[in-house]
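Chains as they are written, first to last, in the working numbering: chain B, 248 to 387; chain X, 8 to 149. Have a look at the structure below, then the notes.
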Amino acid sequence: MWDSIDPAILAQLPRQSANGAVANGLPPPGRTDWAGAIRALERFRREYAEDDWDGQGAVAVSGELIDSAAALAAALERQGVTAPTWTLPGPDGSVSYSWDLGAGATAEIEVTGPTSAEVVVLASDRPAGHWVLGPGATAR
Amino acid sequence: MKDEGEPVTPDEFVIRLIWWDFYDATADPVLHPKAFLPKPSETDGISVFRAACLSDPTEVLAVIAEEKRGKYAVAMLPVSEVVAVGLTVQPAKIDAIPGHTVLPELNATAVGADRPRWKLVQKRLAEIASKNVVRVPTAPRQ
Chain B
248 MWDSIDPAIL AQLPRQSANG AVANGLPPPG RTDWAGAIRA LERFRREYAE
298 DDWDGQGAVA VSGELIDSAA ALAAALERQG VTAPTWTLPG PDGSVSYSWD
348 LGAGATAEIE VTGPTSAEVV VLASDRPAGH WVLGPGATAR
Chain X
8 MKDEGEPVTP DEFVIRLIWW DFYDATADPV LHPKAFLPKP SETDGISVFR
58 AACLSDPTEV LAVIAEEKRG KYAVAMLPVS EVVAVGLTVQ PAKIDAIPGH
108 TVLPELNATA VGADRPRWKL VQKRLAEIAS KNVVRVPTAP RQ
């Protein structure tokens, strides 16, 4: 389902070519590799499958959503996107990949459902970017 | 200590409980903005606590089940800086401990309606709180 990610979205993310150069003029931000992100997803599957996993009412992260997030990770890795700086559960039952892009800029892909995700890019030198991935998705 | 019935003043600090996934000692800032994402049930705003109403900031852990307390960081934010990002601090009394308040503008409905705008606010709050982490998670990672 994530095999045809809009190139305009991919262009916002740090990508590393075979010779090690990073596209977009951004520094390599990752402290983890994609395998680390997948290990985090498996931990979420084990530990966050029930509501209230944080003791404060967080919504369960469904196995279906984690499967989707793993498929998205594979698609991003195939596209040469560098591993995220953070792989996170959301208290709303989502899963996010987040990149620190340097100079305070960040990019985040939030998987909000089995077939839906949102991308937000924040940087001080341009307006926030917001895209929706999934059926009927459009840039915002 | 202040009585929780007294008005919140700009010279105070508020305390936020931070789930361990949102804290990374090697990151800069050490807290991720998701630490300030409202849950779907938080339609009245995210929870914070007034430090002035407690003798120690870590007293806020009393609202968490004992077996999960080790998975929380505790961070403080100056009320003046919370107000500077366009938020207010409103009392919302609970039985467990004194000084419970909410940031009413930062609620699940508002965030759902305009994610980019609120991600920027959450990012700023994470930057502020990262400078004042008073307790890091103590539970070992699995």
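Even for Gly, the Cβ is constructed at its ideal location relative to N, Cα and C.
{"Item": "Interface partners of residue 333(B) on chain X, CB under 9 Å", "Value": "28, 29, 31, 34, 39, 41"}
{"Item": "Segment limits, beta strand (DSSP E) that includes residue 349(B)", "Value": "342–349"}
{"Item": "Contacts that residue 301(B) makes with chain X (C-beta to C-beta distance below 8 Å)", "Value": "26, 75, 78"}
{"Item": "Per DSSP, the bridge partner or partners of residue 373(B)", "Value": "370(B)"}
{"Item": "Rounded C-alpha distance that separates residue 56(X) from residue 248(B)", "Value": "43 Å"}
{"Item": "Within chain B, the residues that residue 99(X) reaches when beta carbons sit closer than 9 Å", "Value": "Within chain B, no residue comes near residue 99(X); the closest Cβ sits about 14 Å away, beyond 9 Å."}
{"Item": "Three-state secondary structure (DSSP) of residue 40(X)", "Value": "helix"}
{"Item": "Contact list for the region 307–338 of chain B against chain X, Cβ threshold 8 Å", "Value": "332, 333, 335, 336, 337, 338"}
{"Item": "First and last residue of the uninterrupted alpha helix (DSSP H) at residue 148(X)", "Value": "Taken as a continuous stretch (DSSP letters only), residue 148(X) belongs to no alpha helix (DSSP H), as it is neither H nor E."}
{"Item": "Proximity winner among 132(X), 116(X), 21(X), relative to residue 156(X) (alpha-carbon distances)", "Value": "Lying outside 8 to 149, the shown extent of chain X, residue 156(X) is not represented and no answer is given."}
{"Item": "Beta-carbon contacts of residue 364(B) that lie in its chain and below 7 Å, excluding the five residues immediately before and after", "Value": "319, 356, 357, 358, 380, 381"}
{"Item": "Residue interval of the beta strand (DSSP E) (run including residue 85(X))", "Value": "79–85"}
{"Item": "Residue 315(B), DSSP secondary structure in three states", "Value": "helix"}
{"Item": "Cβ separation of residue 446(B) and residue 346(B), assumed to be a contact under 8 Å, to the nearest whole Å", "Value": "The structure shown has nothing for residue 446(B), since chain B only spans 248 to 387."}
{"Item": "Contact between the region 134–149 of chain X and the region 70–85 of chain X (3+ Cβ pairs under 8 Å)", "Value": "yes"}
{"Item": "Other residues of its chain near residue 8(X): CB distance less than 8 Å, five sequence neighbours each side excluded", "Value": "59, 60, 61, 62"}
{"Item": "Coil, strand or helix - residue 27(X) by DSSP", "Value": "helix"}
{"Item": "Beta-carbon contacts of residue 338(B) that lie in its chain and below 8 Å, excluding the five residues immediately before and after", "Value": "301, 303, 304, 305, 306"}
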